[in-house]
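Report on one structure; see the data block that follows.
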Amino acid sequence: MLFDTHTHLDAPEFHEDREEVINRALEAGVTRMINIGFNRETIPSTMKLAETYDFIYAAVGWHPVDAITMKDGDLEWIATLCSHEKVVAIGEIGLDYHWDTSPKEVQHEVLRRQIGLARELNMPIVIHNRDAHEDIVKILKEEKASEVGGVMHSFSGSWETAKQCLNMGFHISFGGPITFKNARQPKEVLAQVPMDRLLIETDSPYLTPHPFRGKRNESAHVKLVAEAAAEIRGLSLEELGSITTKNALERFGIK
Numbered sequence: 004m005l006f007d008t009h010t011h012l013d014a015p016e017f018h019e020d021r022e023e024v025i026n027r028a029l030e031a032g033v034t035r036m037i038n039i040g041f042n043r044e045t046i047p048s049t050m051k052l053a054e055t056y057d058f059i060y061a062a063v064g065w066h067p068v069d070a071i072t073m074k075d076g077d078l079e080w081i082a083t084l085c086s087h088e089k090v091v092a093i094g095e096i097g098l099d100y101h102w103d104t105s106p107k108e109v110q111h112e113v114l115r116r117q118i119g120l121a122r123e124l125n126m127p128i129v130i131h132n133r134d135a136h137e138d139i140v141k142i143l144k145e146e147k148a149s150e151v152g153g154v155m156h157s158f159s160g161s162w163e164t165a166k167q168c169l170n171m172g173f174h175i176s177f178g179g180p181i182t183f184k185n186a187r188q189p190k191e192v193l194a195q196v197p198m199d200r201l202l203i204e205t206d207s208p209y210l211t212p213h214p215f216r217g218k219r220n221e222s223a224h225v226k227l228v229a230e231a232a233a234e235i236r237g238l239s240l241e242e243l244g245s246i247t248t249k250n251a252l253e254r255f256g257i258k
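Taken in order, the sequence shown gives residues 4 to 258; the numbers are from our numbering.
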């Protein structure tokens, strides 16, 4: 029983064989997935997936890479979608200092506005953080994100950063990198995260785990993430799967 808490099944990489990809996930023991709609193009396709499959849920938000494109009407659109029964979070939102597509000040403003919306609607948030650990923590604190909490997606920060996020009520989610031979830091952090705050994901089609690194990722590979996490925590795959699925159901309010 596995829960892929972060995937992009609507990505162009899946246009040729999406149904087969979904079926492989089910065969691998993945019982639920959350697809992420993060801009004007992917929010409608994410909603379509969530409405088509009982076991696929949606998170909707505006990605920091696309922050410069967001208009007031887009925030209102996200707010309207949050009343849909299959929408379980606002995200992925956050900061990305790797790709130089949106100025930092624009990213900050868009993030703050979406945290404000999440507080207004009492929705958890899914945080994307790339090379922006200090500013992410600062903004989450200033905008009182602890009132709603959420998920630190594909966590890549230090244990010190993780502790600050845990103190604000966030869950910490890990993906393919914990299977990489030289990925010391995420493994060390995963070993210390309280078991009731641990989540797993693929971020497919990205961040493919070993031994498929370099190829397209897919939700079935969350089993490889679970196996690596189980080994790090000294648990069986079944125990790790059961715990992380329970955590995800509770975090996203899914019955």
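Where is the CB? At the ideal position from N, CA and C, for every residue including glycine.
Note that the structure is predicted; figures quoted are calculated from it, not measured.
Length-filtered (4 minimum) alpha helix (DSSP H) runs lying within the segment 21 to 70:
Counting whole runs of 4 or more residues, the segment 21 to 70 contains the alpha helix (DSSP H) stretches 21 to 30 and 45 to 55.
Rounding to the nearest angstrom, what Cα-Cα distance links Q110 and E145 in this structure?
For Q110 and E145, the distance between alpha carbons rounds to 15 Å.
Taking three-plus beta-carbon pairs below 8 Å as touching, is the segment 177 to 190 in contact with the segment 115 to 127?
Output reads no: the segment 115 to 127 does not touch the segment 177 to 190.
Who are T10's beta bridge partners in DSSP?
Answer is N38 and S207, bridged to T10.
What are the boundary residues of the beta strand (DSSP E) that N125 is part of?
Boundaries for N125: no beta strand (DSSP E) harbours it, and the DSSP string shows neither H nor E there.
Would you say D99 and H131 are within 8 Å of each other, going by their C-beta atoms?
Contact: yes.
In angstroms, rounded to a whole number, what distance separates the CA positions of S86 and E79?
Note on geometry: alpha-carbon atoms of S86 and E79 lie some 12 Å from one another.
Terminal residues of the beta strand (DSSP E) in which L98 lies
L98 -> beta strand (DSSP E) spans V90 to D99.
Thinking C-alpha only, which one of W65, V225, S239 and H174 is nearest R35?
Considering only alpha carbons, the answer is V225.
Terminal residues of the continuous beta strand (DSSP E) containing S245?
DSSP places S245 in no beta strand (DSSP E) but in the uninterrupted alpha helix (DSSP H) bounded by L240 to R254.
Looking at the structure shown, is S222 part of a helix, part of a strand, or coil, going by DSSP?
Of the three classes helix, strand and coil, the one that applies to S222 here is helix, per DSSP.
Taking the C-alpha atoms as reference points, what is the distance between V192 and G256?
In this structure, the CA atom of V192 is about 25 Å from the CA atom of G256.
Below 6 Å CB to CB, which residues in the same chain sit around P180 once its five sequence neighbours on both sides are set aside?
Cβ neighbours of P180 within its own chain (closer than 6 Å, five residues either side excluded): A186 and P189.
Tell me whether D206 is buried or exposed, calling it buried when 16 or more other Cβ atoms sit within 10 Å of its Cβ.
Buried, because 16 or more other Cβ atoms sit within 10 Å of the Cβ of D206.
Output the distance between the C-alpha atoms of G94 and R27, rounded to the nearest integer angstrom.
Taken atom to atom, the span from the alpha-carbon of G94 to that of R27 is near 26 Å.
Check whether E204 and H156 have beta carbons under 8 Å apart:
Judged by their CB atoms, E204 and H156 are nearer to each other than the 8 Å cut-off.
What's the gap between the Cα of H174 and the Cα of G152?
Taking C-alpha positions only, H174 is separated from G152 by approximately 8 Å.
With a cut-off of 8 Å, do at least 3 Cβ pairs link the segment 236 to 244 to the segment 69 to 77?
Contact between the segment 236 to 244 and the segment 69 to 77 is absent, because fewer than three Cβ pairs lie under 8 Å.
Comparing C-alpha positions only, which one of D75, I25, T45 and W65 sits nearest to I59?
I59 has its Cα closest to that of I25, out of D75, I25, T45 and W65.
Go ahead and pull the three-state DSSP assignment for R200.
R200 falls in the helix class under three-state DSSP.
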